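Participant: Have a look at the structure that comes next, please.
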Amino acid sequence: MYDFKPAEPLETAELHRQLLAAAEALTAGEPDAVANMANVAALIWEFMPDLNWAGFYRVAPAKSGSADELVLGPFVGRPACIRIPFGKGVCGAAAESRATQRVEDVHAFPGHIACDAASASELVVPVLREGAVVAVIDLDSPRPARFTAEDAAGIEALARLLAERI
Ligand code: SME
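With my numbering, letter number 79 in the sequence shown gets 172, and the count goes up by one each step, no holes.
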C-alpha cells in the first residue's frame, strides 16, 4: 500500500521517484482517463510544495469544430480558463512545440495567460502518444523560479507513464 502523501519533506529526486511510484500504483489497470487525471493532479498537489495550481489540459476539438485546442481537464487549484488555442500562453506553447516549457517568471513570458494573479512561475509538460500531443500537465507556483530541471525531468517521466492511461 502506498502512502499517497510524503511523510516528511523530500529531496527533489526522491520526491519524483515516490510521486511516479504512487501514480503508477493509482492508475494501474484503470482505463478511465478522467479518474486517472484527477488522481494524478491530486498526487502532484500532495507531493510538490509551493504550488497554487496543478492539473491537465486535454487536446480536444474547438467549439467551432475544425481545429483542436487545449480544454481544461481535472485539476487542483482555483477555477481556470477553459480553452487555450495551440500557440497561446505557456500551455499553448508546450502543446504546439511538443516540448516542456519551464518558465521562471511568467510575467516575462509573452502571451502568458494569467488564471490566478498569484502565479509567478510555471512548468508545462506535454503528454505525447505516438508523437502527438494528447494533453499537457500544467503546474503553477506563487514562488518565482520554483521549478528546477529536475522537476521538469520528473514530470516528463510522469507524462510518459500517463501517455497510455489518459
Ligand atoms: N498560465 C497558463 C494558463 C493556464 S493556468 O495557469 C491554469 C498559460 O499561460 O498557458
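Each residue gets a CB set at the ideal place from its N, CA and C atoms; glycine is no exception.
No experiment lies behind these values; they were computed from the predicted model shown.
In terms of residues, what are the limits of the alpha helix (DSSP H) holding Arg253?
Facilitator: Per DSSP, Arg253 belongs to the alpha helix (DSSP H) from 242 to 255.
Participant: Taking a contact to mean a Cβ-Cβ separation below 8 Å, would you say Ala210 touches His109 in this structure?
Facilitator: Taking 8 Å as the Cβ cut-off, Ala210 and His109 do not qualify as a contacting pair.
Participant: Have a look at Val183, Arg236, Tyr150, Asp161 and flag the residue whose alpha-carbon is nearest the alpha-carbon of Val169.
Facilitator: When each option's Cα is compared against that of Val169, the closest is Tyr150.
Participant: Looking only at C-alpha atoms, which of Arg222, Val226, Val199 sits nearest to Leu263?
Facilitator: Only positions 94 to 259 of the chain appear in this structure, which leaves residue 263 out of reach.
Participant: Any heavy atom of ligand 2 closer than 7 Å to the CB of Ala188?
Facilitator: The model on display carries ligand 1 but not ligand 2.
Participant: Report the option in Leu232, Ala228, Ser234 whose CA atom is closest to the CA atom of Ala153.
Facilitator: Ala153 has its Cα closest to that of Ala228, out of Leu232, Ala228, Ser234.
Participant: Ligand 1 and Val220: does any heavy atom of the ligand fall closer than 7 Å to the residue's C-beta?
Facilitator: No; taking the cut-off as 7 Å, the Cβ of Val220 has no heavy atom of ligand 1 nearer than that.
Participant: For Trp146, list the residues DSSP reports as bridge partners.
Facilitator: BP columns for Trp146 point to Gly170, Asp233.
Participant: Mind checking who Leu216 pairs with in its DSSP beta bridge?
Facilitator: According to DSSP, Leu216 bridges with Arg195, Leu232.
Participant: Among Leu254, Ser214, Ala188, Ile137, whose alpha-carbon lies nearest the alpha-carbon of Ala238?
Facilitator: The shortest C-alpha separation from Ala238 is found at Ser214.
Participant: How about Asn129 and Leu255: are their beta carbons less than 8 Å apart?
Facilitator: Contact: yes.
Participant: Assuming the contact rule is C-beta atoms closer than 8 Å, Ala134 and Gly148 should be a hit. Round their C-beta distance to whole Å, please.
Facilitator: Indeed, because the Cβ distance is near 4 Å, the residues count as touching under 8 Å.
Participant: One question on the structure: do Ala173 and Val226 come within less than 8 Å of each other, judged by their Cβ atoms?
Facilitator: Result no, Cβ atoms of Ala173 and Val226 do not sit closer than 8 Å.
Participant: Please classify Gly247: is it buried, with 16 or more other beta-carbons within 10 angstroms of its beta-carbon, or exposed?
Facilitator: Answer is buried; the Cβ neighbour count reaches 16.
Participant: With ligand 1 as the reference, list in chain order each residue whose Cβ lies under 5 Å from any of its heavy atoms.
Facilitator: Residues with a Cβ closer than 5 Å to any heavy atom of ligand 1, in chain order: Trp146, Ala173, Gly182, Val183, Cys184, His205, Ile206, Cys208, Asp233.
Participant: Buried or exposed: where does Pro102 fall if 16 or more other Cβ atoms within 10 Å of its Cβ makes it buried?
Facilitator: Exposed is the call here.
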